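Okay, so here's the structure we're looking at.
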Amino acid sequence: YGGLNPDDWDDYLSEPNDVYRQPSPLNEAFGKNKTKLNYGPSRKQGPLYDERNADYIMQKMQPGMEGQVWSFGIYRPHLPFIAPKQFFDLYPETVEVAPALKERIFDPFSSEEIADLPPEPMRRLVKEEKLGEKLYQSQQYNAFLRAYLASISYADHVLGTVLDRLEEAGLRDNTYVVLWSDHGFHFGEKHVFRKFTLWERSLRTPMLFAGPGIEVGTTDTPVSNLDLGPTLFRLLDIDPGRDWQGSDLTPILSGSRDVELPPIVSVYSWQKKRAEEDDDKGEDHVLAWSVRDSRWRLVRYWRGGLELYDHSVDPYEHDNLVPRGKRHLLPEELVPVVEGLEAHIPNEWTAPLGKLKNRSDDDDSDGEDSDADMDDASGANIGREARRIPRWARMLD
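Sequential numbering of the sequence shown, starting at 9, is according to the numbering used here.
Right, here's the structure in full:
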């Protein structure tokens, strides 16, 4: 993962990414080594990293070629959000906020958005308080969002040049093109920035197929990047040689509307790397799971906390249907929904990996809070982590 195996390719381009030494308010706030938090129009002369990659792959696209597999990665819109100025010019200085924030404009002084979260995500998954702090202290939220949009438009432009070359070479009609990504990006939803969650904003990514026999259309059926392997082998009529995780998506690509696929399971794993990280009551290694079908998303955390969202009425996952993330407060009519989704979590993933030492008196041995704790109407001990206003918001108050 994350590396190049030269033996897998007949030819490849491997060169270092661009380094942008153009300080931004975030760079200045975090220090000179945080160059990934630079953003703004590029000051570099000549083609950038993604354009150089595009030039390389376009040279391979010659008329009459067949039996080829090309892989082409576009780095943007990954951090740092830097792109040529022309793509910033596509957007006004003040851009509209992200759709997931539109119904409830993000208020850093309000804990409403996190009031029904269990404590685990606030302890471990919500890691980007400092980024939010600096964005709001420097009043750069909108500029940062604009840079993100410019980076997306730049990536779209680079992809367009490659597709234009495919057509110019006369290869479009006999080539399968597949576009996918690895994760999304939070811009303040539930007080989160960046990607480290099991929520829709982080896990939902583009996946597009085009080529011979593929119908124009979309599907509401959740699919996974694990589906790429079996689908490509089926499209190319190649024996994969072994069993693959994931599903064959060719029925969907051929236009079928009644395809049933298993729910998509995603996993978040965290392992303590530094000795000084001893919060969370000695949890050295933790796992959390998300299960998503066409209507529901269930998130289950390592200490038993739950989130359940109904995408038929709540596409941006504002309202956790498990009050305070406590299983025993789950409405009776939703118990079968949760149990049905949990059944798709592989058994080998459900055993706790962490050493739960130094546990407080109000914790039961099975990872659930005691009834006395959960029934505390004052809320003094209930989900203290989940209800807190982030540190950076308190500093702004």
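Glycine residues also receive a C-beta, built at the ideal position from the N, C-alpha and C atoms.
The structure displayed is predicted, hence computed values, not measured ones.
Whole-angstrom C-beta distance between Phe-195 and Leu-408, which should lie under 8 angstroms: Past the edges of the chain, shown from 9 to 405, lies residue 408, and the structure says nothing about it.
Please determine if the segment 202 to 211 and the segment 160 to 179 are in contact, where contact requires at least 3 C-beta pairs separated by less than 8 angstroms. no
C-alpha gap between Tyr-149 and Pro-220, whole angstroms: 43 angstroms
Cα-Cα separation, Asp-256 to Phe-241: 9 angstroms
Quick check: Thr-213 and Ile-260, are their CB atoms within less than 8 angstroms of each other? no
Residues that Trp-408 bridges to, as DSSP identifies them: Not covered by the structure: residue 408. The range shown for the chain is 9 to 405.
By how many angstroms is the C-alpha of Leu-216 removed from the C-alpha of Asp-16? 24 angstroms
Three-state secondary structure assigned by DSSP to Phe-201: strand
Going by the beta-carbon positions, is the gap between Arg-84 and Ser-159 smaller than 8 angstroms? yes
Which term fits Lys-93, buried or exposed, when burial requires 16 or more other beta carbons within 10 angstroms of its beta carbon? exposed
Any idea if Ala-296 is buried or exposed, counting beta-carbon neighbours within 10 angstroms, 16 or more meaning buried? buried
Considering only residues of the same chain and omitting the five flanking positions on each side of Asp-377, which have a CB-CB separation below 6 angstroms? Annotation note: pLDDT 34 at Asp-377 (below 50); position unreliable, coordinate value reported separately. Answer for Asp-377: no residue qualifies.
For Asn-13, name the three-state secondary structure that DSSP assigns. coil
For the beta strand (DSSP E) containing Glu-347, list its first residue and its last residue. Not the beta strand (DSSP E): Glu-347 falls in the alpha helix (DSSP H), residues 343 to 350.
Contact set for Gln-76: own chain, Cβ-Cβ below 8 angstroms, skip 5 residues either direction: Lys-68
Quick check on this structure: which residue in Val-275, Arg-300, Ile-246, Pro-71 has the alpha carbon closest to the alpha carbon of Leu-269? Arg-300
Pull up the distance between the alpha-carbon of Leu-306 and that of Ser-298, whole angstroms please. 6 angstroms
Measuring straight from C-alpha to C-alpha, what distance separates Phe-201 and Pro-344? 33 angstroms
Considering only the alpha carbon of each residue, which of Arg-303, Gly-263, Lys-334, Ser-146 lies closest to Ser-320? Arg-303
Between which residues of its own chain and Asn-35 is the CB-CB distance below 8 angstroms, once the five residues before and five after are set aside? Lys-42, Thr-43, Leu-45, Asn-46
With DSSP as the reference, label Tyr-64 as helix, strand or coil. helix
Spatial distance of Leu-342 from Ser-22 (CA atoms): 51 angstroms
Throw me the rounded Cβ distance for the Gly-7 and Ile-90 pair, which I believe falls under 8 angstroms. Within the shown structure, residues of the chain are numbered from 9 to 405, placing residue 7 beyond reach of any answer.
Does the separation of the CB atoms of Met-333 and Leu-314 fall below 8 angstroms? Residue identity check: residue 333 is Gly in the sequence provided, not Met. The answer is yes: Cβ separation under 8 angstroms.
Tell me the rounded alpha-carbon separation between Gly-11 and Asp-19. 15 angstroms
Could you compute how far the alpha carbon of Gln-53 sits from the alpha carbon of Ala-155? 19 angstroms
Looking only at its chain, what residues have a beta carbon closer than 6 angstroms to the beta carbon of Lys-198, apart from the 5 residues adjacent to it on each side? Glu-121, Ile-122
Given a threshold of 16 other Cβ atoms within 10 Å of its Cβ, counted over all protein chains shown, does Ser-373 qualify as buried or as exposed? Reliability of the predicted coordinates at Ser-373 is poor, the pLDDT of 33 falling under 50, and the value obtained from them is presented with this limitation in mind. Looking at its Cβ environment, which holds fewer than 16 other Cβ atoms inside 10 Å, Ser-373 is exposed.
If I measure Cβ to Cβ from Arg-173 and keep anything under 6 angstroms in the same chain, skipping five residues before and after, which residues do I get? Met-66, Met-69
What would DSSP say about Gly-178, mapped onto helix, strand or coil? coil
Pro-238 lies in the alpha helix (DSSP H); which residues open and close that run? 236 to 243
Can you tell me which of Ser-189, Asp-327, Arg-308 puts its alpha carbon nearest to the alpha carbon of Glu-347? Arg-308
Determine the closest residue to Pro-354 out of Ser-274, Trp-278, Leu-338, with distance taken between C-alpha atoms. Ser-274
To which residues of the same chain is Leu-264 closer than 8 angstroms at the C-beta, ignoring the five residues directly before and after it? At residue 264 the sequence reads Ser, which differs from the Leu that was named. For Ser-264, where only same-chain residues beyond five positions count, there are no Cβ hits under 8 angstroms.
Please confirm whether Gly-254 and Pro-271 have their CB atoms less than 8 angstroms apart. no
For Trp-188, does the count of other Cβ atoms within 10 angstroms reach 16, so buried, or fall short, so exposed? exposed
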